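**Q**
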Amino acid sequence: MKRYLLGVDVGGSGCKVCLYDREGRPVATSYRETPLALRGGGLVEGDPGGWWESCLAGIKEVLGRCSGEVAGIGVSGTNATLVVDQRGEPLYPAIMQLDLRSIKMAEEIEQRIGFTKMFEITGNRIAPGTFSLPAILWMKRNIPALKVEKHTFLVPTGFIVFKLTGRRTVDYSRAATMLLFDYRQKRWDAQVMGELGIGLEELPEIHPPWEVVGGVRPEVAERTGLKAGTPVVAGCMDTVAAMLGAGIAAKAQTLITLGTVGRVSAVTDEGKWRPEFLNCHHGVEDKWVSIALINTAGACLRWYRDLVGGDYGALNKEAASVEAGREGLIFLPYLGGEKSPIWDARARGIFFGLRLHHTRAHLYRAVLEGISMAIRHNLEIMAARDRASSPESDLYVNGGGAASPVWLTILSSVLGRPLFVLKNPETEPLGAAWLAGKGTGEGRCSLEELLQRGISFRVWPREEQRAFYDELFAMYRHLYTANKDLFGLGETLLL
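Structure representation (structure tokens):
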């Protein structure tokens, strides 16, 4: 009987379930949308129940396409905070990473704990959305049920693992984003918890990403076709899973993900972490990752497409016909605030340099260039302490945006660096399945093999545009600095 590995990825807009053979080759795939609720006032919520139902349906679908047995299950997930009761039922919608309701909580945490102390303990800064702690404080103060019901704060990965196994868990990478994790001791920090009134009973158990934490419950087996007791590993954050699925685990390797949220993920040394980035354990032993988060990368493209109409294919074709950075037209891609490297939730998007003759093609190209400038900004800061942006390092690209030749050419030219484009735009489920193979001993594919067979083609920068893009990048940097104080003027209207 054939044996397979199952990878589940809970994204911000959908749930993907993929079945792989033990060598990491895809066998069957399912995807179901799980839309977000945008409630105004900076509120962005997800539906955990919808995630779970999509997961169940996806597992049943892929298992229905093949015969054999699943040897292990891995889960990766987007960034969000949710709270469940003892039965695993959500007590409130998930607060997503783009949600801004906990800005005041983040400011309070910084006053009570201090920026330096928090970074020393967790390896990370204090920020709403990206890190769960501000949202946890908001929930404790605004959800009456938490005062009387036993509950657990979870992330999406842990929620799906809980529903599969009945175990409340979190892995090292997602523990880092909860902002209560002492990354050196690999345990919850009692000092921060005590200061903020968070009990150990409110938090999940911490495990390595590859560790088997439980088996599939009989009732889940009945609904999906899985075998009861099928091993489930702790899983990890989607960014780490994407790196694993791409085979990236060595120094001087950086993955650029052109997704709804753009990511620049570099294998780093723990001692070289910087507060501009999200820092955490990799999905393999003794490896570390620094992650730059471009808050609304692909989201900016979707916004513009929906605004002007048409489709990406037509817009990309039009943008390719326009000269680079037409007459100083610049776009700041801060439509939902920005995370790395400026960490300014009040930042806003800007088109600068508009003239009467500019068309939708000019503006769309400016959006592509603006996101590419944001990626360059982060890579240059990474280079100040590590080799992530040095000329000898390799840059790999995946995500939905990697299907756009014009964007790849723009990005390569803005960076002045060649890019290795990966065949698989979404490697998160494969990374989750790889962890299942590692944890169960069923995997038969190394990360090196995944990397070598995953490269599709190479993109080279246009040298004739390099000097121009250097000048445009300097203007891009100055544009934020010049407008920073203005961004807060609309705060009372937003919050």
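Numbering (the numbering used here), first residue to last: 9 to 503.
We put the CB at the ideal spot given by N, CA and C, even for glycine.
All of these numbers come straight from a predicted model, not from anything done at the bench.
In the DSSP assignment, the beta strand (DSSP E) including MET104 goes from what residue to what residue?
**A** MET104 -> beta strand (DSSP E) spans 102-104.
**Q** Whose C-beta lies closer than 6 Å to the C-beta of GLU69 among residues of the same chain, with five residues either side of it excluded?
**A** If we look at GLU69 and ignore the five residues flanking it on each side, its Cβ neighbours are SER38.
**Q** Roughly how many whole angstroms lie between the Cα atoms of LEU443 and LEU455?
**A** Distance between the alpha carbons of LEU443 and LEU455 is about 11 Å.
**Q** For the alpha helix (DSSP H) that PRO413 lies in, which residues bound it at each end?
**A** It spans 413-423 - the alpha helix (DSSP H) in which PRO413 sits, taken as one unbroken run.
**Q** Checking 8 Å against the spacing of the C-beta atoms, do LEU387 and TRP415 come in under that value?
**A** No, the Cβ-Cβ distance between LEU387 and TRP415 is not below 8 Å.
**Q** Would you call the region 14-22 and the region 50-68 touching, i.e. three or more CB-CB distances under 8 Å?
**A** Yes, the region 14-22 touches the region 50-68.
**Q** Taking DSSP's pairing of strands, which residues face VAL292 in a bridge?
**A** According to DSSP, VAL292 bridges with nothing at all.
**Q** Pull up the distance between the alpha-carbon of TRP218 and that of ALA45, whole angstroms please.
**A** Rounded to whole angstroms, TRP218 to ALA45 spans 32 Å at the Cα level.
**Q** What residue from ILE121, THR124 and LEU204 has the CA that sits closest to LYS148's CA?
**A** The shortest C-alpha separation from LYS148 is found at LEU204.
**Q** Check whether the Cβ atoms of TRP281 and SER298 lie closer than 8 Å to each other.
**A** A contact, by the Cβ cut-off of 8 Å.
**Q** Does the Cβ of ALA486 have 16 or more other Cβ atoms within 10 Å, making it buried, or fewer, making it exposed?
**A** For clarity, residue 486 is His in the given sequence; the question names Ala instead. The residue is exposed, with fewer than 16 neighbouring Cβ atoms inside 10 Å.
**Q** When the Cα atoms are used, what is the spatial distance from SER84 to GLU434?
**A** Their backbone Cα atoms lie some 12 Å apart in a straight line.
**Q** What are the start and end residues of the alpha helix (DSSP H) that includes ASN406?
**A** Taken as a continuous stretch (DSSP letters only), ASN406 belongs to no alpha helix (DSSP H), being part of the beta strand (DSSP E) at 402-406.
**Q** Hey, would you say THR262 sits closer than 8 Å to TYR404, going by beta carbons?
**A** Yes, the Cβ-Cβ distance between THR262 and TYR404 is below 8 Å.
**Q** Just to confirm, is the Cβ distance from THR173 to VAL224 under 8 Å?
**A** Yes, the pair counts as a contact, with Cβ atoms nearer than the cut-off.
**Q** Pop quiz: ILE103 and THR89 are said to be a contact at Cβ under 8 Å. What is the actual Cβ separation, rounded to whole angstroms?
**A** The Cβ separation is near 5 Å, so the contact holds.
**Q** With a cut-off of 8 Å on the beta carbons, I'd call TYR372 and ALA327 a contact; round off their distance for me.
**A** Contact flag correct, Cβ pair sits at about 5 Å.
**Q** If you reduce the DSSP assignment to three classes, tell me which class PRO341 lands in.
**A** Coil.
**Q** Using the three-state DSSP reduction, which class does GLY15 fall into: helix, strand or coil?
**A** Of the three classes helix, strand and coil, the one that applies to GLY15 here is strand, per DSSP.
**Q** MET483 by DSSP, collapsed to three states: which one?
**A** Helix.
**Q** Identify the continuous beta strand (DSSP E) that holds ILE463 and give its terminal residues.
**A** It spans 463-467 - the beta strand (DSSP E) in which ILE463 sits, taken as one unbroken run.
**Q** On the three-state DSSP scale, how would you describe CYS244?
**A** Strand at CYS244.
**Q** Hey, how far is the Cα of ILE214 from the Cα of ALA307?
**A** Going from the Cα of ILE214 to the Cα of ALA307 covers about 32 Å.
**Q** In terms of residue numbering, what span does the beta strand (DSSP E) encompassing LEU27 cover?
**A** LEU27 -> beta strand (DSSP E) spans 22-29.
**Q** Expressed to the nearest angstrom, what Euclidean distance is found between the alpha-carbon atoms of PRO136 and LEU145?
**A** The alpha-carbon atoms of PRO136 and LEU145 are separated by roughly 11 Å.
**Q** On the DSSP letters alone, give me the boundaries of the alpha helix (DSSP H) that PHE127 sits inside.
**A** PHE127 -> alpha helix (DSSP H) spans 123-130.
**Q** Ends of the alpha helix (DSSP H) at GLU209?
**A** Premise fails: GLU209 is in no alpha helix (DSSP H) and is neither H nor E.
**Q** Taking 8 Å as the cut-off, does the region 194-210 touch the region 257-276 (at least 3 CB pairs, one atom from each stretch)?
**A** Result no; under three Cβ-Cβ pairs closer than 8 Å.
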